[in-house]
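Peer 1:
In UniProt numbering, the protein residues as written are 1 to 314.
1. Residue 210 and residue 188: beta carbons closer than 9 Å?
2. Output the residue ranges of the alpha helix (DSSP H) runs that lie fully inside the stretch 47-129 and measure 4 residues or longer, sorted by chain position.
3. What does a CB cutoff of less than 7 Å around residue 69 pick up in its chain, not counting 5 residues either side in sequence?
4. Assuming residue 126 contacts residue 224 (C-beta within less than 8 Å), just tell me the rounded distance between them.
5. Distance, Cα to Cα, residue 21 vs residue 282?
6. Whole angstroms are fine: how far does the CA of residue 266 sit from the CA of residue 212?
7. Pick from 84, 44, 112 and 133: whose alpha carbon is nearest that of residue 190?
8. Between which residues of its own chain and residue 263 is the CB-CB distance below 8 Å, once the five residues before and five after are set aside?
9. Measuring straight from C-alpha to C-alpha, what distance separates residue 218 and residue 148?
10. Tell me whether residue 252 sits in a helix, a strand or coil according to DSSP, three-state version.
11. I believe residue 43 touches residue 64 by the beta-carbon criterion, under 8 Å. Please report the beta-carbon distance rounded to the nearest angstrom.
12. Round the Cβ separation of residue 111 and residue 251 to the nearest angstrom and send it over; I've been treating them as touching at under 8 Å.
13. Would you report the Cα separation of residue 197 and residue 238, rounded to the nearest angstrom?
14. What number of angstroms, rounded off, separates the C-alpha of residue 184 from the C-alpha of residue 246?
15. One question on the structure: do residue 182 and residue 77 come within less than 9 Å of each other, judged by their Cβ atoms?
16. First and last residue of the alpha helix (DSSP H) that includes residue 22?
17. DSSP three-state label for residue 300, please.
18. One question on the structure: do residue 286 and residue 15 come within less than 9 Å of each other, judged by their Cβ atoms?
Written as structure tokens, this is what we have:
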């Protein structure tokens, strides 16, 4: 099977082939997930479909749907792209991570950047959540708000962690698996091919970020996701190492999951779902710190020696 797809495909063709692989991965993942749910929880396909609308119908309904989501995402966003690279005779490690060496400090700072930007992001979240449309677009506004509320209710149900085991499973399903898979697809494959097509890294990064924000189908969280996608895109473009945007993406997802768990345990009193604006002093400090960090990372990654130059200097 290795090499049965040409690695010299036109970038647009390569993107379309990746999408076909992802569609196949989605359907295979659905089948595997349903089989696992039936094996572990004795839940039929019909009952699984019902649980997707209301996970509370069965005692283990929430865990079953989280398992379904994790397995499906793993097959569609991680295994399918990796199989595409294998089928086109390309080593995933070399393709996704042309720059193997990245100093640990730059990697950690890249992940921390996602935390630094959160206070400033609160203003953007508030603005996006309260956006009003003109009368001509009221139908879209109604649809978007209904979709947002439906997804919010379902997410709240799925992220109620009754014990530490469910928390760690949630960290895997909502934190790590999406961070790896979505960065493989959006930064590692889509953005890289977009740069080849458009011959402009900035346009490719922002266009990929736009698609990244839109695919979540939550308009009232679109702008924050667009900005997150752009930051992760630049981190990947500068570093040449897929591990960097994965770390940043996981920091974003993991922070949300951890905050939800600590809130449910009444260890902290912070509502992660709130769209309230943080104090302006915090926002200003966040902007300054984030901009400084971005400039530092840009310069830092630029000065990292390539693998070949490091071998030559030894």
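Positions of the beta carbon are idealized from the N, C-alpha and C atoms, including for glycine.
Peer 2: The relevant details are as follows:
1. no
2. 61-73, 80-87, 92-96, 104-116 and 118-129
3. 173
4. About 10 Å separates the two Cβ atoms, so there is no contact after all.
5. 44 Å
6. 33 Å
7. 84
8. 269, 270, 271 and 272
9. 6 Å
10. helix
11. 6 Å
12. 4 Å
13. 19 Å
14. 8 Å
15. yes
16. 11-41
17. helix
18. no
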